[in-house]
Amino acid sequence: MNFPSFDPIELHRRNAARLTARDVIIPGYPGSGASLIGNILLELGLYYLDPYTEVVGSEGRAEPVEARRQYRMRLAAADRRDRCSQEQPRGPSSFRFVKTHLYPDEFPNEVLARVVLLVRHPFDAIHSYYCWRVGFSEEGETSSFEEFLAKPGFMNRVPGHDWGCFNLAWTDVSSRCGGGQPLYFEALKKEPVPTVIRFLATVGLEFSTLAVERAIEASSFDSMRRHEDGVCSDGADKNPHRIMRRGEVDEWRRWLRPEHAGTLSDPVLRESAHRLGYNIPSV
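The number in this note's numbering is simply the position in the sequence shown, starting from 1, with 631 added.
1. Enumerate, from N- to C-terminal direction, the unbroken alpha helix (DSSP H) stretches of 4 or more residues contained entirely within the region 831 to 904.
2. According to DSSP, Tyr815 sits in a beta bridge with which residue or residues?
3. Just list the residues that DSSP pairs Thr731 with in beta bridges.
4. State the CB to CB distance for the pair Phe754 and Leu895, rounded to an integer number of angstroms; the pair is presumed to be in contact (CB under 8 Å).
5. Please report the residue range of the alpha helix (DSSP H) in which Ala781 lies.
6. Taking the CB atoms as reference points, tell me whether His732 and Pro813 lie closer together than 7 Å.
7. What did DSSP end up calling Arg745 once you bin it into helix, strand or coil?
8. Looking only at its own chain, which residues have a Cβ that is under 6 Å from the Cβ of Arg885, when we skip the five neighbours before and after it?
9. Apart from the five residues just before and just after Glu890, which ones in its own chain have a Cβ nearer than 8 Å to its Cβ?
10. Quick one: grab the DSSP three-state call for Val695.
11. Would Leu841 be called buried (16 or more neighbouring beta carbons within 10 Å of its own) or exposed?
12. With DSSP as the reference, please indicate the residues paired to Leu675 in a beta bridge.
13. Take Ala781 and list the residues in its own chain whose beta-carbon comes closer than 8 Å to its own, dropping the five residues that flank it on each side.
14. I'd like to confirm the pairing. Which residues does DSSP put opposite Leu680 in its beta bridges?
15. To the nearest angstrom, how far is it from the Cα of Asp939 to the Cα of Leu672?
16. Leaving out the 5 sequence neighbours to the left and right, which residues in its chain are closer than 8 Å to Glu879 when beta-carbon positions are compared?
17. Does the distance from the CB of Ala648 to the CB of Lys730 come in under 7 Å?
18. Could you pull out every residue in the same chain whose Cβ sits closer than 8 Å to the Cβ of Pro739, ignoring the five residues on either side in sequence?
19. Assign Pro898 to one of two classes, buried (16 or more other C-beta atoms within 10 Å of its C-beta) or exposed (fewer than that).
20. Taking only the alpha-carbon atoms, compute the straight-line gap between Val746 and Trp801 and give it to the nearest angstrom.
21. Using only the alpha-carbon positions, how far apart do Asn670 and Val834 sit?
22. With a threshold of 16 other CB atoms inside 10 Å of the CB of Arg751, please say whether the residue is buried or exposed.
23. DSSP beta-bridge partners for Val827?
24. Who are the Cβ neighbours of Met632 in its own chain at under 6 Å, not counting the five residues just before and after it?
25. Going by CA-CA distance only, name the one from Leu667, Gln701 and Ile656 that's closest to Pro682.
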């Protein structure tokens, strides 16, 4: 399939129509750690689909989109998979894990049978999303962070309100489909091995501790950043920005200032954060 003017969101919407109830949807607000959990799953030999950079065919097979190959080369496990084969690894499961930043109403109802919400502290997720937009957004992002916080974006919502609406919507879907606890970015960073093992157990998968440890080591910041730097230094991608950021827990404590008070004090953000167990300070 050709996408002359490549639109990753439109591609995702087309792909969503070809998902099935066997797929495990992993919704996460942008900047919440999708690259981290995706790399871990691929390192474990599981079937992980990025519907923004791959095309799902009528028979369910996924292939990388040519317009996004250089972007995918920056992601260690995705790059290795693309070099070895056009087809996703099947692994021990008969279903896919599917990344998404879209709202649940973008999916057919029958697809939303298994949902595990990926979540990160709203301040950190929003700031990480901003950094990604500066380097990689198709629309381009030239605003300051303060301007970004104040302007409507996807779904015509400012980022703070959008984070709250997104996570409330997916929390409700996850509850209806009997989903387990959310997958917390903070837990992935602080206690990665037991967190990944528990996450996989929620969908009936069991891996040895050693296998999970190896996948996590291969998905560490140092490992993934080293791969990305190597790809870019080879001249495959001249963009000086990096997808891989260290992604520490509670980074917001270093940059939060009173001028961020407006949208980061959004009542929907605070309601959603409270439901997810985050303590949101007064800005």
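Yeah, the Cβ is synthetic: ideal placement off N, Cα and C, and Gly gets one too. Computed from a predicted model, the values in this text were never measured in an experiment.
Reading off the structure:
1. 840 to 849, 852 to 864, 883 to 886 and 892 to 895
2. Val750
3. Pro658
4. 6 Å
5. Phe776 to Ala781
6. no
7. strand
8. none
9. Glu777
10. Here residue 695 is Pro; the residue named in the question, Val, does not match the sequence. Strand.
11. exposed
12. BP columns for Leu675 are empty, so no partner.
13. Val789, Gly893 and Thr894
14. Val729
15. Outside the displayed range of the chain (632 to 914) lies residue 939, so it cannot be described from this structure.
16. Lys820
17. no
18. Ala647, Ala648 and Leu650
19. exposed
20. 8 Å
21. 18 Å
22. buried
23. The partner list for Val827 (beta bridge, DSSP) is empty, contrary to what the question assumes.
24. Caution is warranted here: a pLDDT of 38 is assigned to Met632, below 50, making its placement in the model unreliable, and the coordinate value is therefore given only provisionally. The answer, listed in chain order, is Val686.
25. Ile656
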